[in-house]
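J.: Under full-length UniProt numbering, the first residue of the sequence shown carries the number 1, and numbering increases by one thereafter.
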Amino acid sequence: MSTSPLEKPGPIMGSSALVKYGGLNGNALLYAVVAIATCGFSLFGYDQGLMSGIIASRQFNTEFPATHQRDANDVHAGTVQGSVTSCYEVGCFFGALIAFFIGDKMGRRKMMFGGAIVMIIGTIISITAFGPGDTSGRGNVGGFVQFIVGRVITGFGNGANTATIPSWVAETSKAHNRGFLICMEASTVAVGTVIAYWIDFGLSFVDSSVSWRFPIAMQILFALILIGGVAVLPESPRWLISHGQPDEGLRVIAALDARSIDDPVAVADHKKIVDALTAQQHVKANSPRDLLKMGKQQHFRRALVGASTQLFQQIGGCNAVIYYSTVLFENQIGLETQLSLILGGVLSVVYMIFALTSFFLVEKVGRRKLFLWGTVGQAVSMFITFGCLLPGRPNSAKGAAFGLYFFIAWFGATWLPLPWLYPAELNSMAVRTQANAVSTMVNWIFNFTVVQVLPTMTASIGAYTFLFFGCINLVFLPFIYFFYPETTGRTLEELDVIFAHAHLTQRRPTLVAAELPKLSDHQVQEMTERYDIHGGAATEDPEAYGAPANAGAPDTTLPPVHPHDHAGSPAPSGEATRVPSLTEAQKTRA
1 MSTSPLEKPG
11 PIMGSSALVK
21 YGGLNGNALL
31 YAVVAIATCG
41 FSLFGYDQGL
51 MSGIIASRQF
61 NTEFPATHQR
71 DANDVHAGTV
81 QGSVTSCYEV
91 GCFFGALIAF
101 FIGDKMGRRK
111 MMFGGAIVMI
121 IGTIISITAF
131 GPGDTSGRGN
141 VGGFVQFIVG
151 RVITGFGNGA
161 NTATIPSWVA
171 ETSKAHNRGF
181 LICMEASTVA
191 VGTVIAYWID
201 FGLSFVDSSV
211 SWRFPIAMQI
221 LFALILIGGV
231 AVLPESPRWL
241 ISHGQPDEGL
251 RVIAALDARS
261 IDDPVAVADH
271 KKIVDALTAQ
281 QHVKANSPRD
291 LLKMGKQQHF
301 RRALVGASTQ
311 LFQQIGGCNA
321 VIYYSTVLFE
331 NQIGLETQLS
341 LILGGVLSVV
351 YMIFALTSFF
361 LVEKVGRRKL
371 FLWGTVGQAV
381 SMFITFGCLL
391 PGRPNSAKGA
401 AFGLYFFIAW
411 FGATWLPLPW
421 LYPAELNSMA
431 VRTQANAVST
441 MVNWIFNFTV
451 VQVLPTMTAS
461 IGAYTFLFFG
471 CINLVFLPFI
481 YFFYPETTGR
491 TLEELDVIFA
501 HAHLTQRRPT
511 LVAAELPKLS
521 DHQVQEMTER
531 YDIHGGAATE
541 DPEAYGAPAN
551 AGAPDTTLPP
561 VHPHDHAGSP
571 APSGEATRVP
581 SLTEAQKTRA
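1. So, is residue 414 buried or exposed, given that buried needs 16 or more other C-beta atoms within 10 angstroms?
2. Quick check on this structure: which residue in 454, 372, 220 has the alpha carbon closest to the alpha carbon of residue 75?
3. Under three-state DSSP, which class holds residue 491?
4. Applying the 10 Å Cβ sphere with the 16-neighbour rule, what's the burial state of residue 485?
5. Starting from residue 24, follow its DSSP beta bridges and name the residues at the other end.
6. Since residue 449 and residue 457 should fall inside the 8 Å C-beta cutoff, what is the C-beta to C-beta distance between them, to a whole number of angstroms?
7. Return the CA-CA distance between residue 527 and residue 520, expressed in angstroms with no decimal places.
8. CB-CB under 7 Å to residue 19, same chain, minus the five flanking residues each way: which ones, in chain order?
9. By the DSSP assignment, the alpha helix (DSSP H) with residue 363 in it spans what residues?
10. Is the beta carbon of residue 36 sitting closer than 8 Å to the one on residue 194?
11. Ignore the nearest five residues each way along the sequence and tell me which others in residue 30's own chain have a CB closer than 7 Å to its CB.
12. Work out the CA separation of residue 366 and residue 416 for me, nearest whole Å.
13. Put residue 515 into one of helix, strand or coil per three-state DSSP.
14. From the DSSP output, in three-state form, read off residue 100 for me.
15. One question on the structure: do residue 38 and residue 99 come within less than 8 Å of each other, judged by their Cβ atoms?
16. With C-beta atoms as the reference, is residue 433 less than 8 Å away from residue 404?
17. Just the Cα atoms here: how many angstroms apart are residue 44 and residue 530?
18. Could you please give the first and the last residue of the uninterrupted alpha helix (DSSP H) stretch that includes residue 439?
19. Count the C-beta pairs between the stretch 367-385 and the stretch 465-480 that are closer than 8 Å, then say yes if the count reaches three, no if not.
20. How far does the alpha helix (DSSP H) with residue 422 in it extend, from its first residue to its last?
21. I need the straight-line Cα distance from residue 239 to residue 272, nearest angstrom please.
22. Out of curiosity, what's the CA-to-CA distance linking residue 146 and residue 114?
23. In whole angstroms, give me the CA-to-CA distance for residue 167 and residue 152.
24. Where do the ends of the alpha helix (DSSP H) carrying residue 484 lie?
25. So, is residue 395 buried or exposed, given that buried needs 16 or more other C-beta atoms within 10 angstroms?
26. With the cut-off set at 8 Å, would you say residue 83 and residue 452 are in Cβ contact?
27. Can the beta-carbon of residue 34 be found closer than 8 Å to that of residue 184?
28. Report, in whole angstroms, the separation of the C-beta atoms of residue 122 and residue 111, which I expect to be a contact under 8 Å.
29. Do residue 481 and residue 408 come within 8 Å of each other at the CB atom, strictly closer than that value?
30. By how many angstroms is the C-alpha of residue 293 removed from the C-alpha of residue 569?
31. Here's a check: name, in chain order, each residue in its chain whose Cβ is nearer than 8 Å to the Cβ of residue 359, leaving out the five neighbours to either side.
32. Could I get the ranges of all uninterrupted alpha helix (DSSP H) runs contained in the stretch 225-298, with 4 residues as the minimum, in chain order?
33. I need the DSSP call for residue 596, collapsed to helix, strand or coil.
34. In chain order, what residues of the same chain lie with their CB nearer than 6 Å to the CB of residue 400, ignoring the 5 residues before and after it?
35. Nearest by alpha-carbon distance to residue 87: which of 445, 498, 53 is it?
Put into structure tokens, the structure is as follows:
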């Protein structure tokens with residue numbers, strides 16, 4: 001498909017016209033796909049920043065008096081604030097659940113289009129709500145309920161989108177730039193947060209309900225951009241080919257390659273996908289239960305690892321900072337309301353700046369190292385915040401602001417984008433839609449949990465809230481070290497080989513991924529067939545009479561890089577010819 005911006009494409013050899021979508025092809029088309037994806041994720045981030053500035057504002061609390069917190073120890077009002085904020089995540093969870101069941105049938109574009117329409121409907125319901133405190137006398141308690149229902153519906157659309165968008169980007173990009181592009185998409189969550197924070201701050205000087213209605217209505221603009229982009233951009237080529245539309249799949253591949261449909265390069269890219277999907281057809285997930293399968297495909301293990309990234313992201317404390325930063329500055333650190341709003345806006349800018357650095361770090365440093373270093377950084381930040389708040393004095397409490405800023409810098413550069421990238425590339429095509437939906441559901445259910453309980457926690461145990469999050473981050477480290485293989489620079493098919501080899505040799509995928517060299521397309525195909533990753537190959541029962549002693553034992557010999565090397569010529573000097581065995585790896589380390 002698309003070449004890297006740093007690579008020069010080969011000569012175009014096809015005779016027919018170049019394929020375009022929306023007047024674009026090649027890198028321009030790929031970047032358009034990513035731009036629309038970033039719009040979808042900016043909408044996700046926009047809501048995070050949106051409620052941080054609204055939930056404790058005077059105008060909103062006047063409209064809906066139940067949300068007004070009399071002091072930092074008002075547990076009841078804090079719980080109501082948590083409910084109003086977190087109901088959005090409930091909708092997101094059910095949106096991701098729908099994507100789990102029907103996302104693969106509908107396709108990436110239809111799911112995103114439908115999600116955006118639902119978001120617009122939910123937003124209109126929210127901004128037309130009039131609460132008990134409405135000065136015109138039109139409001140009542142029913143208006144408060146209407147506002148909450150609107151947030152749930154808006155969340156439903158967002159949940160469907162966030163479960164779908166990473167797969168769309170992963171399946172329209174290649175291994176060398178997939179991490180960069182998905183991180184670009186996911187990191188724009190922080191851009192949406194910045195926009196929302198400063199809109200909230202600017203409108204905080206408006207003494208009417210416009211101060212909260214207008215920022216919420218702005219979500220419609222993001223949704224309309226998403227609808228417009230999805231209307232003209234192509235479907236995932238892998239989805240098209242796997243759902244009986246190979247000709248359209250070839251057109252999309254040709255457009256992404258900036259070639260014609262009869263160009264040899266586009267035809268070869270198309271054939272690689274067709275061959276991989278054909279091999280997978282008889283193990284294609286026909287029901288959600290297929291996600292529970294282990295064996296050589298390791299579907300269940302891979303889905304659990306992918307989902308754990310979303311779990312760790314949420315319970316690490318990110319939403320304690322993002323959703324409630326202004327509340328924490330005011331109630332826990334003791335700053336004035338206006339200064340708290342300004343500091344919340346500055347925090348969102350720091351968040352965005354460090355999130356943008358992840359574009360480059362993810363391919364240069366690697367996923368695994370970023371997970372580990374980000375976890376350590378988050379834990380240290382939470383301990384700093386706890387230590388500064390513990391004495392209870394205003395001067396030392398101001399040091400807690402540094403802890404929050406330090407946390408958001410580490411989170412933005414590491415844990416913000418990685419949980420959206422990692423499951424999308426870790427899971428096999430056969431269950432990718434379902435596995436991504438599960439990961440997204442985990443994100444939203446624990447997002448809801450943290451956002452719901454945080455105001456109650458801070459009102460009840462104060463500074464010890466941050467000690468709790470610091471300790472939770474330390475718990476992540478052994479799980480990441482032992483269960484998170486490095487995926488940087490690997491094709492989606494290579495990862496199938498890594499997990500199959502790990503299963504057959506009874507070794508951890510983290511070790512196999514570290515030791516296995518980068519595989520050529522020929523090596524991936526040979527090892528896929530040898531390990532019978534997708535099932536169906538005739539194998540000899542090792543217990544049968546006359547079976548050889550090593551029947552059924554996996555052959556770990558690494559195939560030649562190129563097909564013509566099968567003729568018996570030796571491998572080039574310095575080129576690995578076999579996947580390292582366990583004993584060899586131990587000797588090497590010794």
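Heads up, the beta-carbon is just placed ideally off N, CA and C, and yes, glycines get one too.
T.: To lay it out plainly:
1. Residue 414 is buried by the Cβ-count criterion.
2. 454
3. coil
4. buried
5. In the DSSP secondary-structure assignment, residue 24 is bridged to 21.
6. Contact doesn't hold; Cβ gap of about 11 Å is too wide.
7. 11 Å
8. 25, 251, 254, 255, 260, 261
9. 337-364
10. no
11. 2, 172, 173, 256
12. 15 Å
13. helix
14. helix
15. A distance of 8 Å or more separates the beta carbons of residue 38 and residue 99.
16. no
17. 43 Å
18. Its alpha helix (DSSP H) spans residues 432-461.
19. yes
20. 418-426
21. 14 Å
22. 22 Å
23. 24 Å
24. No alpha helix (DSSP H) contains residue 484, which DSSP labels as neither H nor E.
25. exposed
26. Their beta carbons are under 8 Å apart, which means residue 83 touches residue 452 by this criterion.
27. Remark: C-beta atoms of residue 34 and residue 184 approach each other more closely than 8 Å.
28. The beta-carbon distance between residue 122 and residue 111, rounded to whole angstroms, is 16 Å. This is too long to meet the 8 Å contact definition.
29. no
30. Bear in mind that a pLDDT of 47 at residue 569, under 50, signals an unreliable position, so the number given afterwards is only what the model happens to contain. Each residue's Cα considered, the two are about 40 Å apart.
31. 180, 183, 184, 187
32. 237-242, 246-257, 264-280
33. Past the boundaries of the shown model lies residue 596; the chain is included only from 1 to 590, so the question cannot be answered.
34. 333, 385, 388, 389
35. 445
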